[in-house]
Amino acid sequence: MAGTAKSWSGCGRIGNCSYSVYTECIFNVYLNSSIPMELLVKINKKLEQRRAILNTVIQNVGIQNKILKSAQILAECLKLGGKIITAGNGGSASQSEHFSSEMMGRLKNSRTPFPSLSLSSNASLLTCIGNDFGFERIFSRQIEGIGTTKDVFLAFTTSCKSNPLAELI
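In this note's numbering, the protein residues as written are 2 to 170.
So this is what it looks like as structure tokens:
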């Protein structure tokens, strides 16, 4: 794909760490009007997993340097007139949309919007490309149409097994 955006991606489970417990709690309260004790044990286990992940990041300068390098790559992209293009499947699609929304919106400070868009947000386009070219092309086809060499692609995934993301990266 000549002339398309540079790729940078990483896999993580911090955001996914407690999601399944939340849904289990909701369903149990809805069905049983209570939360079984084993769910409280699961909640504590998930929180301990999250703490372990965060402690690893806190103690690992290599990971911290990757975070800083990522920020530098994204900032340089914007300074050079590029845009941040994001994508994700399933729940990760909402993370992709949220990230791009914060870049275009205010985030913490009023500022000029940072050009960013999520390839996950247009249901008509996703189903059109999926129907015409196959589901694995839903992101790569969009990059072919709008990506430039100044852009950076940021993938959101919890599994690192998404065919459309793998096709693009």
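Ideal Cβ placement from N, Cα and C applies to all residues, glycine included.
Just so you know, the alpha carbons of residue 94 and residue 32 end up roughly 29 Å apart. Shortest Cα-Cα distance from residue 40 to any of 34, 29, 50 involves 29. Straight across, the Cα-Cα distance linking residue 144 with residue 64 is about 28 Å. The beta carbon of residue 92 lies closer than 6 Å to none in the same chain, with the five residues before and after it left out. Taken through DSSP and simplified to helix, strand or coil, residue 113 comes out as coil. Between the stretch 148-158 and the stretch 122-137, the count of Cβ pairs shorter than 8 Å is below three; the stretches do not touch. Counting only residues of its own chain and dropping the five nearest sequence neighbours on each side, residue 104 has a CB closer than 8 Å to the CB of 85, 114, 115, 116, 117. Here residue 88 is bridged, per DSSP, to 156. Around the beta-carbon of residue 139, 16 or more other beta-carbon atoms lie within 10 Å, marking it buried. In this structure, the CA atom of residue 168 is about 12 Å from the CA atom of residue 161. When the beta-carbon positions are compared, residue 87 and residue 119 come within less than 8 Å of each other. At least 8 Å separates the beta-carbon of residue 96 from that of residue 106.
Here residue 121 is actually not in contact with residue 137; their C-beta atoms are around 15 Å apart, not less than 8 Å. When 58, 68, 164 are compared, the shortest CA-CA separation from residue 131 is found for 164. Annotation note: the stretch 112-145 contains the following uninterrupted alpha helix (DSSP H) runs of length 4 or greater, listed N- to C-terminal: 124-134.
One thing to note: residue 83 has its Cβ within 8 Å of the Cβ of residue 149. Classified as buried, residue 101 has 16 or more neighbouring CB atoms from the shown chains inside 10 Å of its CB.
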